[in-house]
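Protein chains in written order, with my numbering: chain C, 24 to 158; chain W, 108 to 508.
These notes are about the structure you will find just below.
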């Protein structure tokens, strides 16, 4: 079995790859990072919950100028996944303003981003248009 | 005047732009000495100094400044607060005066940024030889460009596009027209880094940085400094009639940070803390947005200016596009915004920005703005955002004396 590792620990691989958030057991606020306490209410209890793998593009930009080594242009976006905001790239869509629009329905997809010296494959994620998505 | 009131006694900004022959301390000295001269006082009158510089924040910029202009032994507070650094220095000086620890204070902001490129997301480290989870997200490799963007033009592009999604009416052209306004305004400002008027076509066809922000729609990295002498009403009352006449009242001074909102850790929420700061400032000043004669707001990108029309309540909620389309924020409009040229053309030497915007407004309130004077200006508002986030809002009023 080849080793695979997610790009970030909030990406859960497996038969149905999905994102998982740390949800405050007191107020329900959701976070993707390791937590010390809840930024919304200050409580310290969290439970890990799956995040919806479909959503709607709430905003985006098409980055044309980035650090050396980052392929451009690419679409950076915020996706509203049933009330949980997720930062991600939009993939499998032409990176231009004729093909990307706010409000567009999208779904999570995963893909390899590279293999390290020990043969382990890192898996990244993005969101792609549903039903081709392009207007 | 009340003895507790806070006033600008003197204020100065250097020309913004390229100053290859001057270091940080040269620029800070020029601004500080200029503000002291404008105030009609010397460094020996100053009871507290707050100094801001972001890119060399570990250096004691305040003490380095005093070693050039006067080591009087006063307390020095060196502050860093992202792009709100200058305004934060001012807040610190004002708090010291308000607390009674000094009756006259100096705040300085200085930055050397000419030639700097992307300030965040400008470089990305190479992938490691083996994937090892690191940091708060357990990332095995750098995520900039793989999970969204860390560049400021891209972040603020999304902030403007989100407003458009929520309320409608935005377009690439609309954002470009906001930039067209600010570049047009800059042609009257001899201290601006860039004073070139761009046509709409030139702006839209310039190099795309992060859609919809092209290069002229982004704040201009440059060198510059600004300084302000503040004083309480009791001390001002002892000064000359001319000093009292030119003093500008600080009717509100507010600093906020970003309160938690659902998506704020995914995309910075620059709206809520600005709206909170504005609400507190209007309350403190007993003044409403309808009373303002001019506004200098933090147009770090054309997409940011639009959302702040709404956040500062210059329009009805959701009405930022209509506010712009009405012509209101042009210098001959109902409520001129960024008559200095704003960060897109005046320039954005980070730590200087949050004091330079007060210089612009104060200069109009004193009737000393020359060719770009907003006639009869009595009340103005300044706004600055430091991503991370910090927001400062000041409301200034012309002296009644």
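Here a beta-carbon is modelled for each residue, glycine too, at the ideal position from N, C-alpha and C.
Query raised in the report: Can you check whether the CB of residue 244(W) is closer than 8 Å to the CB of residue 134(C)?
Result: no
Query - Touch test, the stretch 181-193 of chain W against the stretch 454-469 of chain W, Cβ-Cβ under 8 Å, three pairs minimum - result: yes
Query raised in the report: Can you give the Cα-Cα distance for residue 126(W) and residue 445(W), rounded to whole angstroms?
Result: 23 Å
Query raised in the report: Ordered along the chain, which non-local residues of its own chain (more than five positions away) have a Cβ less than 6 Å from that of residue 249(W)?
Result: 231 and 232
Report task. At 9 Å on the CB atoms, spell out the chain C contacts of residue 240(W), in chain order. Result -> 28, 29, 31 and 32
Requested in this report: Alpha carbon to alpha carbon, how far is residue 132(W) from residue 252(W)? Give it in angstroms, no decimals.
Outcome: 37 Å
Query raised in the report: Just to confirm, are residue 172(W) and residue 329(W) a CB contact at a threshold of 8 Å?
Result: no
Query raised in the report: Should residue 112(C) go down as buried or exposed, given a rule of 16 or more other Cβ atoms within 10 Å for buried?
Result: buried
Query raised in the report: Under three-state DSSP, which class holds residue 356(W)?
Result: strand
Query raised in the report: Nearest-angstrom Cα distance between residue 156(C) and residue 114(C)?
Result: Unreliable placement is indicated for residue 156(C), whose pLDDT of 46 sits below 50; no coordinate value is reported for it.
Query raised in the report: Taking Cβ positions only, does residue 374(W) come closer than 8 Å to chain C?
Result: yes
Requested in this report: Give a yes or no on whether 8 Å exceeds the smallest Cβ distance from residue 230(W) to chain C.
Outcome: yes
Report task. Find out if the Cβ-Cβ distance for the pair residue 506(W), residue 356(W) is shorter than 8 Å. Result -> yes
Query raised in the report: Given a threshold of 16 other Cβ atoms within 10 Å of its Cβ, counted over all protein chains shown, does residue 125(C) qualify as buried or as exposed?
Result: buried
Report task. Identify, in the order they occur along the chain, each residue of the same chain with its Cβ nearer than 6 Å to the Cβ of residue 467(W), setting aside the five sequence neighbours on each side. Result -> 403 and 447
Query raised in the report: If you run the structure through DSSP and keep just helix, strand and coil, what is residue 340(W)?
Result: helix
Query raised in the report: Of the choices 154(W), 150(W), 186(W) and 163(W), whose alpha-carbon is the least far from that of residue 174(W)?
Result: 150(W)
Query raised in the report: So, are the CB atoms of residue 153(C) and residue 128(C) less than 8 Å apart?
Result: yes
Report task. With DSSP as the reference, label residue 43(C) as helix, strand or coil. Result -> strand
Query raised in the report: Counting pairs of Cβ atoms below 8 Å between the stretch 323-339 of chain W and the stretch 68-79 of chain C, do you hit three or more?
Result: no
Query raised in the report: Counting only runs that start and end within the stretch 217-268 of chain W, where is the alpha helix (DSSP H) found for 4 or more residues in a row?
Result: none
Query raised in the report: Apart from the five residues just before and just after residue 158(C), which ones in its own chain have a Cβ nearer than 7 Å to its Cβ?
Result: Summary for residue 158(C): the model assigns pLDDT 45, below 50, so the residue's position carries little reliability; its value from the coordinates is reported in the next sentence. Hits under 7 Å: 124.
Query raised in the report: Counting Cβ pairs, one atom from each stretch, are 3 or more of them under 8 Å apart for the stretch 142-162 of chain W and the stretch 482-489 of chain W?
Result: no
Query raised in the report: Can you name the start and end residues of the beta strand (DSSP E) that residue 79(C) belongs to?
Result: 77-86
Query raised in the report: So who's on the other strand from residue 202(W), going by DSSP bridges?
Result: None; residue 202(W) has no bridge partner.
Report task. Check residue 151(C) in the structure and name its three-state DSSP category. Result -> strand
Query raised in the report: Using CA coordinates, which residue listed in 501(W), 291(W), 283(W) and 195(W) is at the minimum distance from residue 394(W)?
Result: 501(W)
Report task. Would you check if the distance between the CB atom of residue 443(W) and the CB atom of residue 123(W) is smaller than 8 Å? Result -> no
**Report entry** Beta carbon proximity, residue 88(C) to chain W, threshold 8 Å
**Finding:** yes
Requested in this report: Could you name the residues that DSSP lists as bridge partners for residue 29(C)?
Outcome: 146(C)
Report task. Could you tell me whether the Cβ of residue 65(C) comes closer than 8 Å to any Cβ of chain W? Result -> no
Query - Reference residue 293(W), options 476(W), 496(W) and 495(W), closest by Cα - result: 476(W)
Report task. Please check if any C-beta of chain C sits within less than 8 Å of the C-beta of residue 244(W). Result -> yes
**Report entry** Nearest-angstrom Cα separation, counted from residue 241(W) out to residue 27(C)
**Finding:** 16 Å
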